[in-house]
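Using the working numbering, read the sequence shown as starting at 53 and increasing by one per residue. Note that CB positions come from ideal geometry on N, CA and C, so glycine has one too. Nothing here was measured: the structure is a model prediction, and the numbers come from that model.
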Amino acid sequence: MSAEPQKAQSTKRAPLFLGLLAAVAVIGGGVYAYQTLYASKHVVTDNAYVGADIANITAMISAPVAEVMVADAQHVKKGDILARLDSTDTDLQFAQAEAGYQQALRQVKSIAANNRTLHAQIEARKADIQRAEAQVLTAQANLDKAQIDFDRRASLAKGGSVSGDELTAAEAALKIQKANLTSAQASLAAAKAALDAGISAQEANAAMIEGVAQDKNPQVLVAKAMRDQARVNQERTIIRAPVEGVVSKRNVQVGERVQPGMRLMVVVPLQDVFVDANYKEVQLANVKPGQRVTLHSDLYGSGVSYDGTVTGFTGGTGSAFSVIPAQNATGNWIKVVQRLPVRIALDPAQLETHPLEVGLSMTADIHVAE
């Protein structure tokens, strides 16, 4: 009697065991099929966010704000005016710089004209030297004649043939001719000194303009640079959008005096957004640039898909670039799986239909088998 109940229980357990075995086989087959057909060809993460190269709008000069042309969330095109700064100071600075530039041009022209004048003066000094040399020769000849006359009269005076008055007159004439020679020699020396001074002045003057066009003269170039800087400062009173996008974080008001480097607002180029997907390092063995990516945003849900392309990897993990990097050389170190951002480019046409804002969450699926 006891053998029959045991046989009945064994008969009842057999279907349960077979069912359990079948369930395990189905689950195992499903897992194998998932790993073989999908998981081995895809790497997925929901740790992904929309990013963009945001344009910071900063002041380049110090000036009061005269007008603010945009508001937060306003769409602007490249080149649109965002704000105007008061241009009173920059207009005056430009007028002053322009006057300095014109003055420099006139000074260079004056130097060129002065160079011609100095050349004429040098020629005149050369003529003066020739006249002075002739006067020296004449004075020397007159002195020689007076000396001969004096010597002859002095010799005759010893014999009583010449009176004392005649000898005195001859001596006076000799002294006059000596003085005339000294004066002529002094005039010649002065003429030579004047020539040397004229040549030195011409050389110094010519050094400022010789071999250099008027507009390339250093003095003119300095004045022109100052004028150009003043013009640039004038242009910087008009602040324009460097890219097309949406204005955000506007924190400037009319009447506020801004300083160079002060951020006034940002422009977010929504047409050029990208996705940074933070994948675990163990998922990246087969990921490479150029692979296709399918993305979904939490904003639109699974009904809207985006086509993307892997463009590359950042230079390090998030922890490596943090303000306080991880210190792993400690005794209580615990290994933590790191995440490396993968940059993904999006299709601009899809962004026009379903735009994405910076910071939105995304799910990224990289097709690693392609």
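Between the beta-carbon of residue i and the beta-carbon of residue j, is there less than 8 Å?
i, j, result
"Y331", "L347", "no"
"H419", "Q343", "yes"
"L412", "V102", "yes"
"V389", "E333", "yes"
"Q154", "N285", "no"
"V394", "Q266", "no"
"A242", "T142", "no"
"V120", "V320", "no"
"T361", "A100", "no"
"I113", "L134", "no"
"D417", "H94", "yes"
"V295", "K130", "yes"
"V345", "H406", "no"
"N232", "A191", "yes"
"L425", "S349", "Outside the displayed span of the chain (53 to 422) sits residue 425, for which this structure offers no information."
"I181", "L240", "yes"
Taking C-alpha atoms, which residue in the options lies nearest to residue i?
i, options, result
"T289", "V95, D138 and L134", "D138"
"E218", "A231, K230 and D201", "D201"
"Q199", "A222, G360 and Q311", "A222"
"Q148", "L72, M278, I133 and E175", "M278"
"Q363", "I396, A337, S354 and V339", "Looking at the sequence provided, one finds Thr at residue 363 rather than Gln. Considering only alpha carbons, the answer is I396."
"I291", "V318, L273 and D280", "V318"
"L195", "P116, A224, R283 and K93", "A224"
"G370", "W385, A401 and A329", "A329"
"A193", "S162, Q229, K276 and P400", "Q229"
"I174", "A245, F373 and L208", "A245"
"R205", "D350, A421, K130 and L226", "L226"
"Q271", "P377, G368, D132 and G152", "G152"
"R136", "A293, Y352 and W385", "A293"
"V96", "A275, L157, N384 and V339", "V339"
"A253", "A172, G367 and E150", "A172"
"A156", "L273, G212, D98 and A209", "L273"
"E287", "T140, I386, A74 and D98", "T140"
"L316", "A74, V76, D280 and V117", "V117"
"L247", "S374, D132 and R177", "R177"
"L351", "P377, V410, A372 and S215", "V410"
"A275", "A75, E150 and D98", "E150"
"D98", "A75, D280 and G353", "G353"
"E422", "S374, P341 and I386", "P341"
"F365", "W385, A337 and A74", "A337"
"N269", "R158, G250 and A401", "R158"
Provide the residue(s) that pair with residue i in DSSP beta bridges, ordered along the chain.
i, result
"S413", "Y101"
"V128", "G297"
"I109", "M317"
"V394", "A329 and F365"
"P116", "R309"
"I290", "R136"
"V96", "D417"
Any heavy atom of the ligand NAD closer than 7 Å to the CB of residue i?
i, result
"L408", "Among the components of this structure there are no ligands whatsoever, and the ligand NAD is therefore not found."
In chain order, each alpha helix (DSSP H) run of at least 4 residues that lies wholly inside the region 292-364
Runs found: none.
Under 8 Å, with one C-beta from each stretch per pair, do the region 122-131 and the region 291-301 reach the 3-pair mark?
yes
Would you check if there are 3 or more beta carbon pairs closer than 8 Å linking the region 97-112 to the region 310-326?
Short answer: they touch.
Just checking, does the region 228-236 make contact with the region 170-189 on the three C-beta pairs under 8 Å criterion?
yes
Flag this pair as touching only if the region 310-318 and the region 165-179 have three or more C-beta atom pairs under 8 Å; answer yes or no.
no
What ranges does the beta strand (DSSP E) occupy inside the region 183-235, keeping only unbroken runs of at least 3 residues that lie completely in it?
With a minimum length of 3 residues, no continuous beta strand (DSSP E) run stays inside the region 183-235.
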